[in-house]
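Asker: Numbering (this note's numbering), first residue to last: 3 to 380.
Backbone N, C-alpha and C fix where the C-beta goes; we use that ideal spot for every residue, glycine too.
Before I ask anything, here is the structure I am working with.
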């Protein structure tokens with residue numbers, strides 16, 4: 003059963019529960035609207051604008067509070083405030099004067115409809131977010147179901163051969179089996195690391211549970227490259243860094259993992275690859291990372307879904323070679339989305355695969371850094 007696509011009873015109870023935050027937003031918005039009406043009265047003449055402002059206030063309250071209660075309550079309170087404070091006779095409730103009942107009912111209806119529709123739109127947006135999260139989880143589980151089974155089966159088989167036929171195997175055969183066990187164990191370690199990362203950034207409220215700090219992109223990339231070379235010392239990697247300092251608010255460990263995953267993806271899955279290139283540049287208010295290889299590129303049939311983790315392995319490809327490809331790229335996409343960035347994959351004009359992602363720059367920190375540099379130069 004997919005969770006989160008339909009609002010269950012617990013979610014409805016949560017929406018109905020009063021919280022100090024939502025009460026504060028409601029009271030604060032109504033109070034601010036009342037003060038604004040007082041401030042604008044000298045400039046409005048005989049025009050009656052208060053009802054419109056309170057309808058807007060109800061819309062704001064419905065947008066930033068949970069459930070229907072606050073919007074409905076704000077609608078009723080807004081009508082009472084307008085009638086008591088801004089309608090003759092002032093500072094007393096009166097619903098009997100000619101035209102007042104119709105005007106009051108019209109305002110109440112407009113406010114309640116506006117608030118209800120705003121809350122409904124919020125719920126629909128949350129349902130879409132929940133559905134997307136569940137789709138991502140399902141894709142990851144499908145990838146993991148295969149990626150866990152394959153190395154475990156290989157490790158179990160190699161151990162059985164060593165245990166039962168150890169005396170008859172040559173040293174070369176034993177070393178081959180041990181190397182296979184070590185390789186499959188490393189796959190499992192990386193797989194578990196990726197799963198732990200997904201758990202780390204998957205907050206209970208649907209947001210991203212990450213702590214961001216301004217990091218120098220060149221340092222993060224250099225750290226990822228150093229770690230990659232420990233595992234793949236024979237793979238050639240070229241880097242092209244920007245001349246200017248680029249600061250990005252990020253969880254440095256997670257972005258290092260993204261770059262590591264893309265490097266490993268190229269090193270393991272790119273047929274005919276002899277070189278990996280990392281380009282980092284600035285485009286407007288974004289830092290752009292491109293990991294390119296000179297292999298044969300990505301099967302066009304895989305491109306639309308390669309970042310989702312639910313693609314099918316190409317016909318005739320090695321299952322072992324494709325192991326962990328789906329979940330690794332899906333984790334990368336999840337991390338970049340949690341950083342409010344974008345990621346895409348495509349084939350380069352000269353062949354080879356290109357994985358590109360963008361991250362928003364910390365413009366305030368960069369401007370401050372530039373000011374400090376100019377002061378030092380002076």
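Within the continuous beta strand (DSSP E) that includes residue 277, where are the two ends?
Answerer: 277-285
Asker: Counting along the chain, where does the beta strand (DSSP E) carrying residue 242 start and finish?
Answerer: From DSSP, the beta strand (DSSP E) with residue 242 extends over 238-242.
Asker: DSSP on residue 103, reduced to helix/strand/coil?
Answerer: helix
Asker: Quick check: the Cα distance between residue 238 and residue 368, rounded to an integer number of angstroms?
Answerer: 32 Å
Asker: To which residues of the same chain is residue 114 closer than 7 Å at the C-beta, ignoring the five residues directly before and after it?
Answerer: 74, 77
Asker: Drop a sphere of 10 angstroms on the beta-carbon of residue 257, count the other beta-carbons inside from all chains shown, and report buried for 16 or more, exposed for fewer.
Answerer: Around the CB of residue 257, 16 or more other CB atoms lie within 10 Å, so the residue is classed as buried.
Asker: Pick from 236, 341, 345, 55: whose alpha carbon is nearest that of residue 217?
Answerer: 341
Asker: Can you name the residues that DSSP bridges to residue 114?
Answerer: Looking at the DSSP assignment, residue 114 forms no beta bridge with any residue, so it has no partner.
Asker: Starting from residue 225, follow the alpha helix (DSSP H) in both directions and report where the run begins and ends.
Answerer: 219-233
Asker: Leaving aside the five residues before and after residue 357 along the sequence, list all residues of the same chain whose C-beta is less than 6 Å from its C-beta, in chain order.
Answerer: 264, 293, 347
Asker: Given 8 Å as the limit, is there contact between the region 86-105 and the region 63-74, that is, 3 or more CB pairs closer than that?
Answerer: Verdict: no, contact absent.
Asker: By the 10 Å Cβ neighbour count, where 16 or more other Cβ atoms means buried, how is residue 253 classified, buried or exposed?
Answerer: buried
Asker: Would residue 233 be called buried (16 or more neighbouring beta carbons within 10 Å of its own) or exposed?
Answerer: exposed
Asker: Expressed to the nearest angstrom, what Euclidean distance is found between the alpha-carbon atoms of residue 249 and residue 363?
Answerer: 6 Å
Asker: Which two residues bound the contiguous beta strand (DSSP E) that contains residue 357?
Answerer: 355-362
Asker: How big is the Cα-Cα spacing for residue 268 and residue 158?
Answerer: Taking the straight line from one Cα to the other gives about 28 Å.
Asker: Name the two residues that bound the continuous alpha helix (DSSP H) containing residue 263.
Answerer: 254-271
Asker: Could you work out which residue in 301, 247, 80 is closest to residue 287 when comparing CA atoms only?
Answerer: 247
Asker: Kindly indicate which three-state DSSP category residue 97 falls into: helix, strand or coil?
Answerer: coil
Asker: How about the region 291-307 and the region 267-281: do they share at least three Cβ pairs that are nearer than 8 Å?
Answerer: They touch, by the three-pair rule.
Asker: With DSSP collapsed to three states, give me the class of residue 72.
Answerer: Assigned with DSSP and collapsed to three states, residue 72 falls in helix.
Asker: Can you tell me which of 190, 111, 355 puts its alpha carbon nearest to the alpha carbon of residue 271?
Answerer: That would be 355, whose Cα lies nearest to the Cα of residue 271.
Asker: Reducing DSSP to helix, strand and coil, say where residue 215 ends up.
Answerer: Judged by DSSP in its simplified three-state form, residue 215 adopts strand.
Asker: Please say whether residue 116 and residue 70 have beta carbons closer to each other than 8 Å?
Answerer: no
Asker: If you drop the 5 nearest sequence neighbours on each side, which residues of the same chain put their C-beta closer than 6 Å to that of residue 2?
Answerer: Within the shown structure, residues of the chain are numbered from 3 to 380, placing residue 2 beyond reach of any answer.
Asker: With distance defined between alpha-carbon atoms, name the residue in 350, 261, 104, 289 nearest to residue 301.
Answerer: 350
Asker: Applying the criterion that 16 or more other CB atoms from any shown protein chain within 10 Å of the CB defines a buried residue, is residue 97 buried or exposed?
Answerer: exposed
Asker: In this structure, what does DSSP give as the bridge partners for residue 294?
Answerer: 279, 356
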